[in-house]
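Visitor: Provided herewith is a single structure, encoded as structure tokens, for subsequent inquiry.
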Amino acid sequence: MAAGEAYLARRLRPYTTTIFATMSELATVTGALNLGQGFPDTDGPAELREVAVEAIRGGHNQYPPGNGVPELREAVAAHQRDWYGLGFDPETEVLVTVGATEAIAATMLALCEPGDEVVMFEPTYDSYAACAAMADAVPRLVRLHPPDWSFDPAELAAACASPRARLLLLNTPHNPTGKVFTADELGQAAALCADHDLLAVTDEVYEHLVFDGAHVPLATLPGMRDRTVTISSGGKTFSFTGWKVGWVCAAAPLVAAVRAAKQFLTYTSAAPLQLAIARGLGFPRERLDGFAVDLAAKRDLLCDGLSSLGYEVYRPAATYFATTDIAAVAPGLSAQEYCLALPGRCGVVAVPSSVFYDPADPVAGATLVRWAFCKRDEVLHDALTRLASWAA
Ligand code: PMP
Ligand code: GLN
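Here you go:
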């Protein structure tokens, strides 16, 4: 029995600890290089840190408004307008949250009745099933298939046609696969939402970390603006994952619903950090695009290195993460076994992607491993050198 399970409500028992916490702790205890949890090992722009420090010195230290500081709500609205041509009223259609994580939780709590189904693509980011459980809702999984992480349109259509389907939760760019959903795929999703009167929820935290293709918010598709809750956050874009500044954009009645749940989870969040992220969202286009250029070089470094060590590499189009199949390098081992042995054998930590699949299906993703490349080049080189000892 996992720690705390004796006391934990039944619906949360499958979710005692996150894989990210487990693997980061393993990295700390063993002193291994941490290519597990997705956080950069360098800080984001110094200028944004200074805005936060100045805000603290300048007295922005009491509760900000429950829906977020006006500067950030206005910056989010301007960002959606300038990047995607989407208009949102910063007063009624933007809500600041504690990272995307709280936005996802509050949205499911606000929009789901017990037993409602949330259609989501598998592998799924770990908090989705847990948040569905908190809301007493049920994940309805649609499988993404390597190497291009495509899905069977009939499978998506069947999931959306279920009489209990309520939400379509779409994460693009996608964690853990690094897939950027194509215009055609988004069109299919939008048509199904309209046909079955589903609300859409999008998780777009990697919107600015795209290397191949372009990020298209689902809300920009015809008819989708008013049935989509768009979620993003500043952590990944600006390399401040510890700040936990996120936001929701949606039509006013949807934002009002999400706010009703959010206000009793946290009410509000760190004012100085909201002001700093507001400044960042106003960066000129070239500066925001520059983050992905730097990261693409790291993707190539890690993917080329893993490939030359014999791993089958699924090169991501976006995000912080590359996926490999380890079958050729570690025959007979599951991803879980491999990732538990890796710190001891090579001094490197990675995440078994099998945890992002339905636990009832032990075969799914059984040999897939996720590697974070949002690290200094010397760390990536060092990790590859260490990994050569496994391959040898
Ligand atoms: N969604 C996805 C797909 C993620 O990878 C993450 C991790 N950043 C989150 C949500 C959580 O974002 P935040 O740190 O802003 O809560
Ligand atoms: N999003 C990060 C990842 O996928 C983890 C964030 C967390 O630890 N909850 O690695």
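With this note's numbering applied, the sequence shown covers 279 to 670.
No residue lacks a Cβ here, since even glycine has one placed at the ideal position from N, Cα and C.
No experiment lies behind these values; they were computed from the predicted model shown.
1) Would Cys701 pass as a contact of Ala605 if the rule is Cβ separation under 8 Å?
2) Quick check: the segment 314-329 against the segment 341-348, are at least 3 beta-carbon pairs closer than 8 Å?
3) Exposed or buried, what is Thr480 when buried is set at 16 or more other beta-carbons lying within 10 Å of its beta-carbon?
4) Within the present structure, is the beta-carbon of Thr308 separated from the nearest heavy atom of ligand 2 by less than 7 Å?
5) At a threshold of 7 Å, does Gln315 count as lining ligand 2 (C-beta to nearest heavy atom)?
6) Would you say the beta carbon of Thr515 is closer than 7 Å to some non-hydrogen atom of ligand 3?
7) Curious, which full-length beta strand (DSSP E) runs of at least 3 residues does the segment 543-597 contain?
8) In the DSSP assignment, find the beta strand (DSSP E) that holds Ile509 and state where it starts and stops.
9) Would DSSP call His486 helix, strand or coil?
10) Thinking just about the alpha-carbon of each residue, which of Ser631, Lys457, Val483, Cys617 is nearest to the one in Ser517?
11) Compute the distance between the beta-carbons of Val397 and Leu445, then report whether it is under 8 Å.
12) Could you check which residue in Pro637, Trp668, Phe651, Cys471 has the C-alpha nearest to that of Leu611?
13) Cα-Cα, which of Thr645, Ala644, Leu532 is closest to Glu371?
14) Mind checking who Asp481 pairs with in its DSSP beta bridge?
15) State the beta-bridge partners of Cys527 as determined by DSSP.
16) Just checking: is the beta-carbon of Leu445 within a distance shorter than 8 Å of some beta-carbon in chain B?
17) Ordered along the chain, which non-local residues of its own chain (more than five positions away) have a Cβ less than 6 Å from that of Val420?
18) Leaving out the 5 sequence neighbours to the left and right, which residues in its chain are closer than 6 Å to Lys653 when beta-carbon positions are compared?
Guide: With the structure as the only source:
1) Given a span of 279 to 670 for the chain in the structure shown, any question on residue 701 remains unanswerable.
2) no
3) buried
4) Checking the Cβ of Thr308 against ligand 2 gives no.
5) Within the cutoff, so yes.
6) Ligands in the displayed structure: ligand 1 and ligand 2; ligand 3 is not one of them.
7) 590-592
8) For Ile509, the enclosing beta strand (DSSP E) has its first and last residue at 506-511.
9) Coil.
10) Val483
11) yes
12) Check the Cα spacing between Leu611 and each of Pro637, Trp668, Phe651, Cys471: the tightest is with Trp668.
13) Leu532
14) Asn449, Ile509
15) Val372, Thr508
16) No chain B is part of this structure, which consists of one protein chain only.
17) Phe399, Phe429, Glu433, Leu434, Ala437
18) Asp319
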